[in-house]
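Numbering-wise (the UniProt record's numbering), the sequence shown opens with residue 1 and increments by one.
Note that CB positions come from ideal geometry on N, CA and C, so glycine has one too.
Below you'll find the structure, written out as structure tokens, and then a few comments.
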Amino acid sequence: MPKLKEELDERTSGRKMVREQYTTATEGTHIERPENPYVYKIGIYGWRKRCLYLFVLLLLIILVVNLALTIWILKVMWFSPAGMGHLRVTKDGLRLEGESEFLFPLYAKEIHSRVDSSLLLQSTQNVTVNARNSEGEVTGRLKVGPKMVEVHSQQFQINSNDGKPLFTVDEKEVVVGTDKLRVTGPEGALFEHSVETPLVRADPFQDLRLESPTRRLSMDAPRGVHLQAHAGKIEVLSQMDILFHSSDGMLVLDAETVCLPKLAQGTWGPSGSSQSLYEICACPDGKLYLSVAGVGTTCQEHSHICL
Numbered sequence: 001m002p003k004l005k006e007e008l009d010e011r012t013s014g015r016k017m018v019r020e021q022y023t024t025a026t027e028g029t030h031i032e033r034p035e036n037p038y039v040y041k042i043g044i045y046g047w048r049k050r051c052l053y054l055f056v057l058l059l060l061i062i063l064v065v066n067l068a069l070t071i072w073i074l075k076v077m078w079f080s081p082a083g084m085g086h087l088r089v090t091k092d093g094l095r096l097e098g099e100s101e102f103l104f105p106l107y108a109k110e111i112h113s114r115v116d117s118s119l120l121l122q123s124t125q126n127v128t129v130n131a132r133n134s135e136g137e138v139t140g141r142l143k144v145g146p147k148m149v150e151v152h153s154q155q156f157q158i159n160s161n162d163g164k165p166l167f168t169v170d171e172k173e174v175v176v177g178t179d180k181l182r183v184t185g186p187e188g189a190l191f192e193h194s195v196e197t198p199l200v201r202a203d204p205f206q207d208l209r210l211e212s213p214t215r216r217l218s219m220d221a222p223r224g225v226h227l228q229a230h231a232g233k234i235e236v237l238s239q240m241d242i243l244f245h246s247s248d249g250m251l252v253l254d255a256e257t258v259c260l261p262k263l264a265q266g267t268w269g270p271s272g273s274s275q276s277l278y279e280i281c282a283c284p285d286g287k288l289y290l291s292v293a294g295v296g297t298t299c300q301e302h303s304h305i306c307l
């Protein structure tokens with residue numbers, strides 16, 4: 001124990017001596033340090049720093065404005081996962097609800113409306129529907145203008161609900177496939193060439209007129225022409241001759257009374273009659289005239305009517 005105490009005392013006294021020597025050595029001494037004239041500062045200072053902060057602030061403002069405009073456009077255009085606005089993307093295609101305006105041509109395979117509404121195509125100029133082949137050439141065109149509807153195609157056909165052709169037009173002929181064709185105009189129908197039909201009939205309680213103002217009117221049939229008026233009369237008027245011709249058969253006038261009020265009278269025969277009965281005589285050229293009836297025929301071969 002005494003040895004340990006002595007060692008501690010020696011160590012303590014040594015430390016004191018070193019401290020005193022260091023204190024005496026540092027007191028009154030002046031150490032001159034060399035000064036470095038070049039000082040390098042790290043970072044951005046001054047007007048550059050202010051411009052950088054202003055630029056960052058401007059970018060932040062632009063970012064906020066763009067974000068606000070994007071949100072506003074999405075809200076106005078009604079963007080959604082299913083489509084945009086009234087436009088919906090379905091498995092069958094695109095579904096558009098309401099009215100829409102197309103500024104450029106629209107290409108589609110099929111266009112149809114909803115079950116409970118009609119399809120309306122409207123334009124300030126015209127509506128044109130084109131059909132093209134694989135090479136891009138127009139094979140059919142439907143043009144609806146303000147004054148005319150034009151169809152450019154090899155054949156134009158209108159069908160009924162069950163697929164029956166009602167009206168067909170091509171370069172050679174026009175076919176009307178209905179059971180009845182009605183012309184309700186006040187002037188009727190005008191045909192520049194011949195018309196082939198099995199029956200021409202007017203509406204009930206209406207007159208039927210077949211007229212040719214400047215040319216002749218001809219009615220031909222392979223098995224005869226039948227003129228019938230159920231509740232009226234039949235009038236045949238002509239500025240020139242009226243010809244009834246039958247190539248194989250006879251001309252039949254089947255009526256209770258046949259009147260020829262302006263038929264000329266021929267020369268009286270030798271046997272007169274006071275009953276005012278007349279006989280219709282025919283000249284060799286087909287002319288008819290009246291002759292006073294008698295017991296026998298009073299027709300003369302050389303009448304002045306036939307001359």
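8 Å contact criterion, which residue i and residue j should meet: CB distance rounded
| i | j | result |
| --- | --- | --- |
| L288 | L263 | 6 Å |
| V89 | G98 | The pair is not a contact, with the Cβ atoms about 16 Å apart (cut-off 8 Å). |
| G177 | T168 | 7 Å |
| Q155 | D170 | 5 Å |
| residue 328 | C306 | What the structure shows of the chain is the stretch from 1 to 307, and residue 328 is not part of that stretch, so it cannot be assessed. |
| S113 | L119 | 4 Å |
| I44 | L57 | In fact, because the Cβ distance is near 15 Å, the residues do not count as touching under 8 Å. |
| G140 | S153 | 4 Å |
For residue i, the residue or residues it bridges with in DSSP
| i | result |
| --- | --- |
| P165 | N159 |
| T90 | G93 |
| K143 | T128 and E150 |
| residue 308 | Outside the displayed span of the chain (1 to 307) sits residue 308, for which this structure offers no information. |
| I280 | L290 |
| V138 | R132 |
| V174 | V169 |
| E265 | For the sequence presented, residue 265 should be read as Gln rather than Glu. L290, per the DSSP bridge assignment. |
Cβ-based neighbour list, residue i, same chain, cut-off 6 Å, excluding 5 preceding and 5 following
| i | result |
| --- | --- |
| L142 | V129 and V151 |
| E279 | S291, A293 and T298 |
| L277 | A293 |
| V138 | N130 and R132 |
| H245 | none |
| W78 | G85 |
| P165 | Q157, N159 and G177 |
| G296 | none |
| K109 | none |
Proximity winner among the options, relative to residue i (alpha-carbon distances)
| i | options | result |
| --- | --- | --- |
| D220 | M240, S194, A202 and G232 | S194 |
| P204 | P222, R182 and L74 | R182 |
| G249 | R223, R95, I73 and D241 | R223 |
| R209 | T197, M240, R215 and A189 | A189 |
| Q228 | A202, G136, L63 and S212 | A202 |
| V174 | P186, E135, I158 and I111 | I158 |
| P186 | G296, L96, T197 and Q206 | Q206 |
| D254 | Q239, S117 and H226 | H226 |
| M240 | R50, K91 and R215 | R215 |
| S238 | E211, G163, D92 and E196 | E211 |
Contacting residues, own chain, Cβ-Cβ under 8 Å from residue i (five flanking each side not counted)
| i | result |
| --- | --- |
| K75 | none |
Close Cβ partners of residue i (< 7 Å) along its chain, the five nearest in sequence each way excluded
| i | result |
| --- | --- |
| A25 | With a pLDDT of only 47 at A25, under the threshold of 50, the placement of this residue in the model should not be trusted; the figure read from the coordinates follows. Around A25: no qualifying Cβ. |
| L96 | H86 and L87 |
| I71 | none |
Looking at C-beta atoms only, is the number of pairs between the stretch 119-135 and the stretch 143-154 that lie closer than 8 Å three or more? Contact holds: three or more Cβ-Cβ distances are below 8 Å.
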